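If you read the protein sequences in the order shown, they are chains A and B. When the letters of the first sequence are read in order and numbered with the numbering used here, they come out as residues 42 to 456. When the letters of the second sequence are read in order and numbered with the numbering used here, they come out as residues 10 to 469. Below is one structure, written out as structure tokens; the observations come after it.
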Amino acid sequence: MFSRRDFIKQGLLPVFAGSAVPTVFANGVATAAADSPNATPSDRVLVLVQLAGGNDGLNTLIPFQDGAYHDARPTLRQDQGVLTLNNQLGLHPNLKGLKASWDAGQLAIVQGVGYPNPNLSHFASMSVWETASVQGGIGDGWLGRYLNYLDKVGESANHALEGVSAGSLVPPELRSTTPVLALQSLKTFRLQPVTEHGTQVEVENPLMKFYGAFKSSGPAPFGALLDTTLQEALQASHALLATDASYQAKATYPANSPIASSLKLVAETIVSGLGVRVAHVTLGGFDNHAREKPVHDKLLLDLDQALTAFMQDLQGHGLGDRVLVMTWSEFGRRVKENGSAGTDHGTAAPMFLLGAPVKGGLYGQQPSLAALDNGNLKFTTDFRSVYASVLQGYLNAPASDLLGGNYEILPLLKA
Amino acid sequence: MLATGAAGAAATALAVLWKGNDLSQILDHVRDLTHGYQGALSSERVRIAHLLRRAGFAATQAELDRYVAMGTTAATQSLLNFQQTPNSQLDGQLPAIDPMGGKTVTAAAIQAWWLQRMVQTARPLEEKMTLFWHGLLTSGLDKSGPAQMFTQNQLFRQMALGNFDDLLKAVAKDPAMMVYLDTETNRKGKPNENYARELMELFTTGIGHYTETDVQESARSFTGWTLRGGAQLRFDTQSLFVARYHDSGQKTFMGKTGNFTGDDIVEMLVPLRATAERLSGRLFSFFAYPNPEADIVHHLADTFQNSRYNVGAVVKEIFAMDAFYSTKAYRSLVKSPAELVAQTLKATGSNAKGYTAAAAAMAPMGQVLFYPPNVAGWPAGTSWVNSSTLLNRLNFANAATQRMRALLPQQSLDQLTSTLVDGNLSPTTHDGLHAFAAAHAGDQAGLLFMALATPEYQLN
């Protein structure tokens with residue numbers, strides 16, 4: 042409907058003419074007024090950490106007092122060093138940084154998150170989480186719809202850096218009609234100079250004409266995509282070149298850790314003031330059907346160290362109030378370990394929300410190990426309830442519109 | 010209908026452009042709008058170039074000349090009957106890799122080796138089918154070792170156009186697959202569901218045609234095949250059957266009961282109509298265009314079932330279809346990084362270091378050979394195009410042309426675009442390239458880069 046571009050063109054920003062303002066926009070203004078003084082919604086960043094392959098929730102948030110846990114996990118159980126949260130539950134021994142955040146009241150854990158009629162396929166279940174629809178499918182992602190909403194209400198800066206994914210692909214939860222950037226490095230995100238030619242005049246400008254002409258010339262299915270993508274790429278690269286490139290990490294990120302590199306890139310993007318609203322990073326390798334323990338231990342160690350450095354870095358730049366981290370995985374694992382010292386696909390698992398904006402604590406209910414469904418946990422909190430809580434409580438967006446339904450709002454976030 | 014649509018679009022565009030543009034800009038735009046580039050397939054040279062982009066990794070000018078001289082029918086036969094084409098020239102140039110070489114086989118070495126095959130093979134379809142199988146029956150270096158991935162790659166090449174049941178039986182015992190989907194741990198009394206699930210969800214029927222019990226019973230059936238474990242696990246390139254690991258008890262799978270083995274499961278899955286339609290749809294989407302019409306899928310699934318599950322018969326049928334040469338098919342696929350890099354290296358030439366550098370340059374474009382993002386393979390299509398991958402595609406073209414700057418043959422712009430993009434460019438691009446050539450006479454590398462950076466070249 043209205044994009045920021047339209048508002049700017051028509052000189053309307055930020056004056057609205059009464060009844061012509063869409064209702065969603067009016068809601069946005071109303072809630073913004075009641076917002077915390079530290080960070081206006083447009084300054085806030087949500088960082089999504091995908092634990093791809095199906096994280097073993099029972100070996101992440103561990104019911105260490107439950108005999109059924111020990112019986113189901115003869116080789117995989119964590120007997121030693123569990124970081125206790127209360128007299129029933131504790132964090133995996135390698136989550137020391139997250140435990141420190143818990144102690145500081147900056148870690149919220151939602152227990153037993155899942156959805157009805159769980160799908161045990163990686164791809165079907167990922168699609169459910171990515172689209173926030175139990176049908177899954179190839180539509181816009183749930184955060185893509187948030188970006189579309191920002192554009193619609195004129196909240197969008199309308200450049201390619203609002204949605205950022207560390208890596209070479211745009212993840213489905215960011216699929217949208219607004220530009221989203223897959224980013225591998227801020228420094229190399231540009232068209233490299235062509236020997237003896239001025240990049241902009243002799244190369245970029247002609248290419249822009251070529252791509253525009255191709256879009257017009259016949260029913261090429263990718264003509265418009267190629268044209269828009271080149272425009273976004275060059276526009277974003279110019280913005281990056283003009284940016285203060287003086288970012289210095291204020292924490293030591295672990296070496297040889299892809300998740301740490303990804304989070305450092307996200308930190309750099311946030312610190313550089315590029316207008317990022319939603320960022321996505323992926324840590325893969327959780328599909329451990331065999332010999333799970335050493336692999337899972339290492340994954341959680343990498344995750345913990347990378348997140349700890351990331352939070353320290355942002356705090357060091359005075360940006361801790363503006364950033365919320367949320368983890369998700371397509372499913373948890375089977376309660377009973379299999380014969381290969383691994384676990385097969387399961388269902389419910391905990392989600393972590395990390396950062397100064399959260400109200401630390403445990404939310405929802407830990408699923409019972411005594412009442413299983415085909416060997417799998419019964420979920421106790423719908424994942425869309427967590428999404429709704431973040432959309433409404435943190436991003437000040439109309440959760441029920443964006444999720445296509447009303448879900449319980451959990452008090453996960455500071456007012 | 011079409012004429013009205015084009016005229017309507019042109020009128021709309023004119024109305025938009027009229028404000029503040031001079032007449033020449035408007036005329037340029039109208040020229041692009043009315044450029045009927047999809048009529049290009051009426052030329053046999055373009056049809057054969059299209060065939061070679063799809064059945065292989067496109068062609069050099071000399072290769073294209075040779076296939077055009079054969080004509081479409083003979084060229085297609087030659088591609089399909091590739092076993093009759095000697096490949097000794099390629100074999101003589103490839104670096105030696107020993108599948109028994111354990112840790113001496115590196116990821117970088119096998120990636121450069123495969124890329125060189127794609128560029129230099131005399132049997133393009135053999136290599137293209139190997140890439141198809143790698144994207145469907147996935148394994149990856151995140152779990153499997155390089156020597157194992159190399160061994161699996163040979164299997165895909167050997168069985169490129171054979172019977173699907175034979176290939177699936179072999180893949181279940183393939184060391185890379187056994188590590189990637191954990192069948193090496195799958196033992197009597199300790200079934201592991203990983204392979205059993207993906208075999209149905211991704212390799213055969215697709216989701217919705219089996220139950221969780223079928224997954225569990227299938228896993229029991231596949232027990233028995235294993236690898237030498239421990240430190241050797243990722244280097245072992247020969248699987249073995251250990252009878253005491255096999256669960257020989259009764260299993261009930263998809264309504265049938267028996268002492269099934271893994272081969273028995275394959276023989277029950279491959280004849281299913283869902284398998285025939287899924288594989289046929291995948292093959293057509295890979296070679297022709299995505300989301301094929303139902304009647305095309307039915308026809309190809311019939312071909313598959315009537316030929317006793319022969320993949321070559323399906324591929325042959327695809328290349329014979331009008332739909333394959335339709336305007337809907339022309340430039341309807343985004344070049345995968347493998348296709349883009351291989352065709353670019355055909356255009357620039359390469360040395361051994363060039364193959365290694367090019368294989369590494371594929372990562373930021375979104376495709377690392379032998380390392381698919383997950384068991385579903387590469388998502389392809391629009392996912393190859395985002396602002397980051399597009400810049401990397403253009404930067405690779407720049408690096409590849411500059412690397413070979415001193416060695417590039419002098420070719421006219423028309424020769425270049427004839428080979429690279431069927432000589433079929435929008436008028437604006439055509440004129441823009443000619444202006445570049447006129448302004449920078451003698452800069453062959455710069456001109457080749459500009460041709461490789463066109464939107465037309467990004468598509469297949």
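Backbone N, C-alpha and C fix where the C-beta goes; we use that ideal spot for every residue, glycine too. Remember, predicted model here, so these are calculated numbers, not experimental data.
Only counting the same chain, and skipping five residues up and downstream in sequence, which positions put a Cβ closer than 8 Å to that of residue i?
i	result
B:L468	R340, S341, L342, V343 and K344
A:H330	N379, S381, G383, T384 and D385
B:A408	A366 and A370
A:D345	N135, L136, K137, G138 and L139
A:Q272	M249 and Y252
B:Q259	T266, G267 and N268
Would a check of beta-carbon distances place residue i closer than 8 Å to chain A?
i	result
B:H255	no
B:K199	yes
B:S396	yes
B:V180	no
B:Q411	yes
B:H218	no
B:P381	no
B:V343	yes
B:G455	yes
B:Q34	no
Excluding the 5 residues flanking residue i on each side, which residues of the same chain have their C-beta closer than 7 Å to its C-beta?
i	result
A:N96	F327, S370, G373 and A390
B:T246	P108, M109, A156, Q157, T160 and P184
B:S316	A322
A:A74	Residue placement at A:A74 cannot be trusted, given a pLDDT of 31 that sits under 50; what the coordinates show is reported in the next sentence. For A:A74, where only same-chain residues beyond five positions count, there are no Cβ hits under 7 Å.
A:Y156	V169, V175, F420, D423 and F424
Could one say the Cβ of residue i lies closer than 8 Å to chain B's Cβ atoms, at least one of them?
i	result
A:A223	yes
A:H330	yes
A:K400	no
A:T240	no
A:Q91	no
A:G155	no
A:S298	no
A:D385	yes
A:V376	no
A:R231	yes
A:E237	yes
Could you tell me which residues DSSP puts in a beta bridge with residue i?
i	result
B:N8	What the structure shows of chain B is the stretch from 10 to 469, and residue 8 of chain B is not part of that stretch, so it cannot be assessed.
A:H321	A:L89 and A:S206
B:R196	B:K199
A:M392	A:V151
A:T422	A:V154
B:K265	B:F262
A:V399	A:L454
A:Y404	A:V151
A:I103	A:G131
Quick check on residue i: does DSSP put it in helix, strand or coil?
i	result
A:E371	coil
A:V175	coil
B:W234	strand
A:S60	Model confidence at A:S60 stands at a pLDDT of 29, short of 50, so the residue's coordinates are unreliable; what they give is reported in the following sentence. Helix, per DSSP.
A:V221	strand
A:D414	strand
B:F296	helix
A:T125	strand
A:F327	coil
B:V343	strand
B:F250	strand
A:V364	strand
Taking only beta-carbon atoms, is residue i less than 8 Å away from chain E?
i	result
A:H163	The chain labelled as chain E is not found among the protein chains of the depicted structure, namely A and B.
Apart from the five residues just before and just after residue i, which ones in its own chain have a Cβ nearer than 6 Å to its Cβ?
i	result
B:A67	L61 and Q352
A:A151	It should be pointed out that residue 151 of chain A corresponds to Val in this sequence rather than to Ala. Closer than 6 Å at Cβ, skipping near neighbours: M392, Y404, G405, T422 and V427.
B:Y131	First, the residue type needs correcting, since residue 131 of chain B is Ala and not Tyr in the sequence shown. Same-chain partners within the cutoff: T94 and N96.
B:G154	R243 and F244
Contact defined as beta carbons within less than 8 Å: I believe residue i pairs with residue j. What is the distance between those atoms, to the nearest angstrom?
i	j	result
B:S248	B:L236	6 Å
B:E210	A:S441	Rounded, the Cβ-Cβ distance is 33 Å, inconsistent with contact.
B:R196	B:T232	5 Å
A:L394	A:L365	6 Å
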